[in-house]
Amino acid sequence: MILLHELAHAMAARKLGRNVKAIVLGYLGGFTEIDMGPDFGHRLLIFAAGPLSNGLAALVVWSAWLLGEPYLHGDLRQFCYSLLWLNAILAIGNLFPVWPLDGARLIEAALQKHCGILVTRTTVGVIGFIIVSPLMLYWLAQRNYLAATFALVLLVLNAALVYWSWAWQLAVRSTGQYENASCPICFVPALNGPNIACPDCGAFNNQFIGPCWQCSNPLGDMVSCPAYFEASPRSAWLASK
Numbered sequence: 015m016i017l018l019h020e021l022a023h024a025m026a027a028r029k030l031g032r033n034v035k036a037i038v039l040g041y042l043g044g045f046t047e048i049d050m051g052p053d054f055g056h057r058l059l060i061f062a063a064g065p066l067s068n069g070l071a072a073l074v075v076w077s078a079w080l081l082g083e084p085y086l087h088g089d090l091r092q093f094c095y096s097l098l099w100l101n102a103i104l105a106i107g108n109l110f111p112v113w114p115l116d117g118a119r120l121i122e123a124a125l126q127k128h129c130g131i132l133v134t135r136t137t138v139g140v141i142g143f144i145i146v147s148p149l150m151l152y153w154l155a156q157r158n159y160l161a162a163t164f165a166l167v168l169l170v171l172n173a174a175l176v177y178w179s180w181a182w183q184l185a186v187r188s189t190g191q192y193e194n195a196s197c198p199i200c201f202v203p204a205l206n207g208p209n210i211a212c213p214d215c216g217a218f219n220n221q222f223i224g225p226c227w228q229c230s231n232p233l234g235d236m237v238s239c240p241a242y243f244e245a246s247p248r249s250a251w252l253a254s255k
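Taking this note's numbering, the leading residue of the sequence shown gets 15, the next gets one more, and so forth.
Given below as structure tokens:
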């Protein structure tokens with residue numbers, strides 16, 4: 015079911031012309047690494063594809079259950095029952111506005127263009143913290159330590175999201191914004207100061223000024239976004255100011 019969910023994200027991205035780098039599955043779920051690009055409408059469709067696929071799968075299993083219930087016995091009945099509920103839980107659970115679930119990503123894609131990535135991610139992180147905190151306390155009281163551990167992981171991720179947003183905002187206020195440049199993907203402001211290490215000598219440089227002040231090697235024309243880790247041409251950053 016998790017693979018189906020991630021494949022839906024990947025297929026939607028491919029259909030919209032985006033580059034899918036990898037699908038990763040783990041103990042606590044999975045994620046699909048995608049070059050999202052600047053189109054917020056495309057992001058909404060890509061993030062919605064995962065929960066929608068599980069919702070459709072649950073609907074198919076439920077329809078089959080209704081049609082074939084007289085023939086479902088024993089292990090087959092239990093298998094269909096589990097398949098139905100697992101897909102339903104994945105569809106509904108992923109719509110919770112808790113980062114990095116799809117619900118939070120949908121809110122992020124909807125608000126980011128109007129509010130900016132820093133304000134949006136702070137808002138999403140705080141909402142996630144408010145939702146998950148009482149759930150973790152409840153699961154601890156019920157001695158459901160597996161669910162409580164999962165909630166703790168979500169709490170840490172949402173706290174890190176808020177911390178990053180504030181830290182970057184303070185860094186921009188401290189160093190200033192480089193020529194009003196911002197990321198063409200998420201509009202995060204560019205720092206006016208050393209923010210990247212030279213791959214050859216390790217000296218810190220400003221991504222927008224090259225070559226390296228220490229070894230004189232070129233830093234390249236691509237500048238990485240600190241929020242999405244996608245690289246865009248330096249000219250695109252300057253054009254989006």
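Yeah, the Cβ is synthetic: ideal placement off N, Cα and C, and Gly gets one too.
Check	Outcome
Residue of Ala241, Leu98, Thr137 and Gly190 minimising C-alpha distance to Ile199	Ala241
Start and end residues, alpha helix (DSSP H) containing Asn172	Tyr159 to Thr189
Asp214 vs Cys197 beta-carbon contact at 8 Å	no
Touch test, the stretch 32-41 against the stretch 62-82, Cβ-Cβ under 8 Å, three pairs minimum	no
Segment limits, alpha helix (DSSP H) that includes Ser147	Ile131 to Ala155
Inter-residue spacing [alpha-carbon to alpha-carbon] between Gly51 and Ala250	12 Å
Residue environment, Pro232, which counts as buried when at least 16 other CB atoms sit within 10 Å	exposed
Nearest candidate by alpha-carbon position, reference Ala72, set Ala185, Cys94 and Val140	Cys94
Beta-carbon spacing of Ala335, Leu70 below 8 Å	No answer is possible for residue 335: it lies beyond the span of the chain, which begins at 15 and ends at 255.
Pair within 8 Å by beta-carbon distance, Ile121 and Pro111	yes
Secondary structure, alpha helix (DSSP H): runs of 4+ residues fully inside the stretch 32-119	54-82 and 88-107
CA-to-CA distance, Ala173 to Trp99, given in whole angstroms	30 Å
Cβ neighbour criterion (16 or more within 10 Å) applied to Asn194	exposed
From Tyr192, Gly216, His19 and Ala217, residue whose alpha carbon lies closest to that of Arg248	Tyr192
Same chain, Cβ closer than 6 Å to Ser179, neighbours up to 5 away in sequence not counted	Leu132, Arg135 and Thr136
For Pro203, the nearest candidate out of Phe61, Ser96, Gly130 and Asn108 (CA to CA)	Gly130
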